[in-house]
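Per the working numbering, numbering through the sequence shown is continuous, rising by one, with the last residue being 466. I have placed the structure first, in the form of structure tokens, so that the comments after it can refer back to it.
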Amino acid sequence: MFLRPGIIRWWRGAVGPRPSGASRAEESPLRLELFSLEHLERHGKALAGWHQVDERGGRNRLLARLSDNEQVLLDAYELVVAAAEGERRLSPAAEWLLDNFYLIEEQVRLARRHLPRGYNRLLPLVINGPHAGHPRVYALALELIAHVDGRLDQPGLVGFIAAYQTVAPLRLGELWAVPIMLRLALIENLRRVAARIAHGREARDEAQRWADRMIEVAEHKPADLILAVADFAKTQVVLSSAFVAEFARRLQGQSPSLSLALNWVDQRLNEQDLSIERLVQLEGQSQASDQVSIGNSIGSLRLLAAMDWREFVETLSVVEATLRCDPADAYADSDFSTRDACRHVVEETARRGRLAEPAVAERAVALARATGGDGSVHDRRRHVGWWLIGPGRDRLERE
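Structure (structure tokens):
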């Protein structure tokens, strides 16, 4: 048994009746031109120059989308489970969804836990382009996922973000938000593939019902086959690649009289410069692409869990690089909690003073450098920590 009844019952009680998969708009997976590392870096710089940003943040729309994504994934999973229990053929992507749904559930829970309702107010928003109204760091996550077809790796991620920051440095909070935003973007991608899985499953099920009806009529009342085909034509079935591929698979090689139904389908398709053969080919390509996208996205969710995000932030933070210019050479040798405390003060001071974080870090370093080195008190003042988490903080904030 694949379904976990407790989860299904909780969802039905929490969100009420669910629309069928077919009633939801199908959005394309995050799948754009594949970029090499060099191309990703160029793209990062281009985005940084193009993005228009509202530094004030805004309301959190990502939580609502996460809940919707979770339901689409659950709807698709239920369809796949029903098909598996009915011993119907599954697409490769559907098998991936079936085998890894537990991991997707876990990632959705993690995303919700790490996405408090007021989070967006701390993150600058993009106000132009397709991701307008969303946090800038989420827009970057979507762009990256789309240009690697969901297959993240650390060099690509670091190179992309580093290149963006050569033009427009990210806030510390944005860098810390990268893992949650990547998780949300991957869940978004999985939702889109899952919606395609659901639409394909429903189309194949409909094709199977019509094909079975045709086969039964051909076997028992062959004279009525033309009436069955007429009924089929009246329903105005959408001849999607999934429907046509399954319909043809079920009827080809059966009774010769069934060629009547196949010929009607082919004639309809010819009106659109298509054919059964072409749609079967397109369906195969679509299934292969979806399998790659879902496999890559699930693999990337595992990568997120394995990455050292402290190292990521400290490697890419412009504030961190500035504070490491500490004239006492003590900052870099301090422990993580001390460095983190210094960075938090930079964040808070910048936010209250409506300043850029790098400017605050530069001022702390400048104050440390301006202090002479002729005595123990002065030596301590040559450490940026004196000005951030020590007695010099008041002066830093005043200036």
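Built from N, CA and C at the ideal position, the CB exists for glycine as well.
For residue j and residue i, believed in contact at Cβ under 8 Å, the rounded distance
i      : j      : result
Leu371 : Pro246 : 6 Å
Ser367 : Arg218 : 6 Å
Leu434 : Gly459 : 7 Å
Ala199 : Ala252 : Wrong, their Cβ atoms sit about 16 Å apart, outside the cutoff.
Ser326 : Pro289 : At roughly 12 Å, the Cβ-Cβ gap does not stay under 8 Å, so Ser326 and Pro289 are not in contact.
Val147 : Leu164 : 6 Å
Val175 : Ile293 : Their Cβ separation, rounded to whole angstroms, is 50 Å, which puts Val175 and Ile293 out of contact at 8 Å.
Arg258 : Leu140 : 6 Å
Glu210 : Leu104 : Glu210 to Leu104, Cβ: 15 Å. No contact.
Beta-carbon spacing of residue i, residue j below 8 Å
i      : j      : result
Arg447 : Trp453 : yes
Phe227 : Glu108 : yes
Arg204 : Lys112 : The amino acid occupying residue 204 in the given sequence is Val; Arg does not appear at that position. No, the pair does not count as a contact, with Cβ atoms beyond the cut-off.
Asp407 : His450 : no
Asn363 : Asp216 : yes
Asn136 : Arg184 : no
Leu97  : Asn195 : no
Ala312 : Val347 : yes
Phe314 : Ala274 : yes
Leu177 : Leu130 : no
Asp357 : Val260 : yes
Ser353 : Ser308 : yes
Glu424 : Leu239 : yes
Arg369 : Phe310 : no
Gly390 : Ala428 : The amino acid occupying residue 390 in the given sequence is Leu; Gly does not appear at that position. Taking 8 Å as the Cβ cut-off, Leu390 and Ala428 qualify as a contacting pair.
Leu349 : Val332 : no
Ala328 : Leu341 : no
Leu242 : Val432 : no
Glu466 : Arg419 : no
Bridge partners - residue i, DSSP secondary structure assignment
i      : result
Asp121 : Leu192
8 Å Cβ cutoff, residue i in contact with chain C
i      : result
Trp376 : You won't find chain C in this structure, because it holds only one protein chain.
*asked:* Going residue by residue through the region 307-381, where are the continuous beta strand (DSSP E) segments of at least 3 residues, counting only ones entirely within it?
replied: DSSP runs (the beta strand (DSSP E)) wholly in the region 307-381: none.
*Three or more C-beta pairs closer than 8 Å, one from the region 112-131 and one from the region 185-194: is that the case here?*
Judged by Cβ distances under 8 Å, the region 112-131 makes contact with the region 185-194, as three or more pairs qualify.
*Those runs of the beta strand (DSSP E) which lie wholly inside the region 171-250 and span at least 3 residues*: The qualifying runs do not exist here; there are none.
*Can at least three beta-carbon pairs, one atom from the region 257-271 and one from the region 400-413, be found at a separation below 8 Å?*
As far as the Cβ criterion goes, the region 257-271 does not touch the region 400-413, which means the pair count is below three.
*Mind pulling the beta strand (DSSP E) runs of 3 or more residues that sit fully within the region 97-168?*
Listed in chain order, there is nothing to give.
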